[in-house]
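Below is one structure, written out as structure tokens; comments come after it.
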Amino acid sequence: MPPTVSFVNLKGGVGKTAVSVNFAAFCGLQELKTLLIDTDPQTNATFSCITVEKWKDHSTKKGTIANIMGMRRHTSPEGGEANVSEIIIRNVFRNVDLVPSHLDLFTIDLDLAATTARETKLKRSLGDILTQYKIVVCDCPPNLTIPTQNALAMSTHFAVPVSPDFLSAIGIGILLSRVKDFCKDLQHDLQHIGIILSRVGRPARHRSEISDDLRARFGELVITPEIKERAAVSEAASQNRSIYEMGDREAKKEFEDCSIEILKRMGEL
Ligand SMILES: Nc1ncnc2c1ncn2[C@@H]1O[C@H](COP(=O)(O)OP(=O)(O)OP(=O)(O)O)[C@@H](O)[C@H]1O
Ligand SMILES: [Mg+2]
């Protein structure tokens, strides 16, 4: 099975999706065949790669992650099992394929409430298809419910994007202890590869205090290349492009440096 990284944080809006999408795009540019899995019902990673129209057409005709996670309303148009390989959208970026998400994933915890082994449903459904990829990237929602649990259960590594503001930094300890408990329960090996300072705004005392505090608490786990708040990042998403196709050299360099560090920590460089 390929090395798989999940980007997680209980806090919303800290840059999980921007990092996931642009890390996947970076891997693709390095000629690593990459699978990007959008496990978030908000469907943001999906809409960062393809248009809403393309998603509508694909989700109706072929299906989304909601099908392969076994939601009862999600069978193929003929009413049978959805075809897993058809759900994957090929080459959303160079060498990057996408498992798109669906808003209906919001209720998956209820839909799968009575099923067994629901944390490993995604991994089991993708099965041998995963062997086609050199690396797998999971974008997670801002919680630890079934979609995130499925991402973690198929991951070898996870990373935590954080914005250096008081409310974003506050929940990291809780997140890490919950992930640890989850892995213990599932007897699953999962390596924490680091905290990514993301969406870093203009220099300000409170921001540097929070960054310093994170470095004091987590030491080397805090990844040094920071990702600053730059308009090109959200522009790229709105144009279904990666940051590497945009004109902002500094933004591009930050995502490259951060991606290289992630690959190194995953043992892939
Ligand atoms: N480095 C950045 N500079 C500027 N804007 C950014 C940056 N990173 C992310 N954004 C923008 O900020 C918003 C939130 O980012 P993103 O969606 O990546 O966060 P998230 O942690 O995935 O949020 P959620 O928890 O809701 O999934 C988006 O509009 C995104 O385009
Ligand atoms: Mg997101």
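Going letter by letter, the sequence shown gives residues 22 to 290 in our numbering.
Idealized CB from N, CA, C, for every residue including glycine.
- Shortest gap from the CB of T38 to any heavy atom of ligand 1: under 6 angstroms.
- Counting only runs of 3+ residues, the beta strand (DSSP E) found wholly inside the region 67-119 occupies 110-114, in chain order.
- Taking the C-beta atoms as reference points, P182 is found nearer than 7 angstroms to N30.
- The three-state reading of DSSP puts H213 in strand, counting E and B together.
- Counting of Cβ neighbours within 10 angstroms places T136 among the exposed residues, the total staying below 16.
- For K274, the closest C-alpha among the options M22, P24, N43, P224 is that of N43.
- With respect to the C-alpha of L126, the residue from T169, S106, S69 having the closest C-alpha is T169.
- Taking all protein chains in view, the Cβ of V221 is crowded by 16 or more other Cβ atoms within 10 Å, so the residue is classified as buried.
- V105 places its beta carbon less than 7 angstroms from that of I89.
- Residue ranges of uninterrupted alpha helix (DSSP H) with 4 or more members, entirely inside the region 249-282 and ordered along the chain, are 252-259.
- A direct Cα-to-Cα measurement between L173 and F179 gives close to 8 angstroms.
- The alpha-carbon of Y154 is positioned some 16 angstroms away from that of G288.
- Short note on G268: C-beta not closer than 6 angstroms to any heavy atom of ligand 1.
- When distances are taken from the beta-carbon of D59 to the heavy atoms of ligand 2, even the shortest one reaches 6 angstroms or more.
- Under the three-state reduction of DSSP, D160 is assigned to strand.
- Between S122 and T81, the C-beta gap is not smaller than 7 angstroms, which leaves the two residues out of contact.
- For L218, the secondary structure class from DSSP, reduced to helix, strand or coil, is strand.
- With distances taken between CA atoms, T166 lies nearest to R199 out of I193, T152, R199.
- Within the same chain, and ignoring the five residues on either side of M175 in sequence, the residues whose Cβ sits closer than 7 angstroms to its Cβ are T25, L143, K144.
- In the DSSP annotation of this structure, the continuous segment of the alpha helix (DSSP H) that includes V42 starts and ends at 37-50.
- As a beta-bridge residue in DSSP terms, P182 pairs with I217.
- I58 carries a strand assignment under DSSP once its states are collapsed to helix, strand and coil.
- Shortest gap from the CB of N43 to any heavy atom of ligand 2: 6 angstroms or more.
- Residue pairing by DSSP puts I244 in a beta bridge opposite I217.
- Within the same chain, and ignoring the five residues on either side of K83 in sequence, the residues whose Cβ sits closer than 6 angstroms to its Cβ are E107, I108.
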